[in-house]
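Going line by line, the protein sequences match chains V and E.
Whatever position you read off the first sequence (first residue = 1), add 12 for my numbering.
Whatever position you read off the second sequence (first residue = 1), add 4 for my numbering.
Even glycine gets a Cβ: it sits at the ideal position worked out from N, Cα and C.
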Amino acid sequence: DGGITQSPKYLFRKEGQNVTLSCEQNLNHDAMYWYRQDPGQGLRLIYYSQIVNDFQKGDIAEGYSVSREKKESFPLTVTSAQKNPTAFYLCASSTPQRDYEQFFGPGTRLTVL
Amino acid sequence: AQSVTQPDIHITVSEGASLELRCNYSYGATPYLFWYVQSPGQGLQLLLKYFSGDTLVQGIKGFEAEFKRSQSSFNLRKPSVHWSDAAEYFCAVVPEGATNKLIFGTGTLLAVQP
């Protein structure tokens, strides 16, 4: 079955450390997205990529970085510059052939101690 | 300002009762509209979507939503709620002409009483 995988499910890091969250999809979608979810705030867009080797900042990109070297993969690095990194992170993908519906992974909960 | 509004943060209904979750948007005349559901600690699952045509849209799990252009609304309904429907529900909009962005409301948390 096609889908999106995110690993790990839970991640703990010490303050000041960079951490990379994995997102892989086998849906053959061109576009991929990273969202941050905090209680009561819905989902906020961090970065998105419409094609390989290209990506754009979303609404809250400060303190985060991404790469898109392969169509299937869109890793997110949470850097030490992110002031409040503890959150639930969701990856998604989409294709015009499915009316831009976004398909979501199961999420990674990052806790910075 | 452009926005997606879900005015109800938390709703509690009894099992078997009907449900309506409200969503209002301010992104153009005919955006793409979605409802997603999220169980605790999980990703989001699409319930239904609207792009054009019939304004009453049927989705999975017995949900439906009605697009009302005059009210800029896309409310989600279910005639009889089951305990397994307890979850958080998000309305989302792809603004007209901006297909690379999905704008989410802040969500409505649904609790179901036995």
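- Among the residues of the stretch 94-124 of chain V, those with a Cβ less than 9 Å away from any Cβ of chain E are Phe-100, Leu-102, Cys-103, Ala-104, Ser-106, Pro-108, Asp-111, Tyr-112, Glu-113, Gln-114, Phe-115, Phe-116, Gly-117, Pro-118, Gly-119, Arg-121, in the order of the chain.
- The C-beta of V:Gly-117 has 16 or more other C-beta atoms within 10 Å across all chains shown, which makes the residue buried.
- Taking the Cβ atoms as the reference, V:Glu-84 lies roughly 6 Å from V:Gln-37, within the contact range of under 8 Å.
- Three or more beta-carbon pairs separated by less than 8 Å link the stretch 77-87 of chain E to the stretch 23-42 of chain E, which places the two stretches in contact.
- Residue pairing from DSSP places E:Val-61 in a beta bridge opposite E:Ala-69.
- Among the CB atoms of chain E, none fall inside 8 Å of the CB of V:Tyr-59.
- Under a 10 Å Cβ-count criterion, E:Thr-16 is classified as exposed, with fewer than 16 other Cβ atoms of the shown protein chains found around its own Cβ.
- The closest CA to that of V:Thr-89, considering only V:Asn-96, V:Val-78, V:Ala-99, V:Lys-95, is found on V:Val-78.
- Annotated as proximal: E:Val-116 and E:Val-85, with beta-carbon spacing under 8 Å.
- The continuous beta strand (DSSP E) containing E:Leu-50 extends over residues 48-54.
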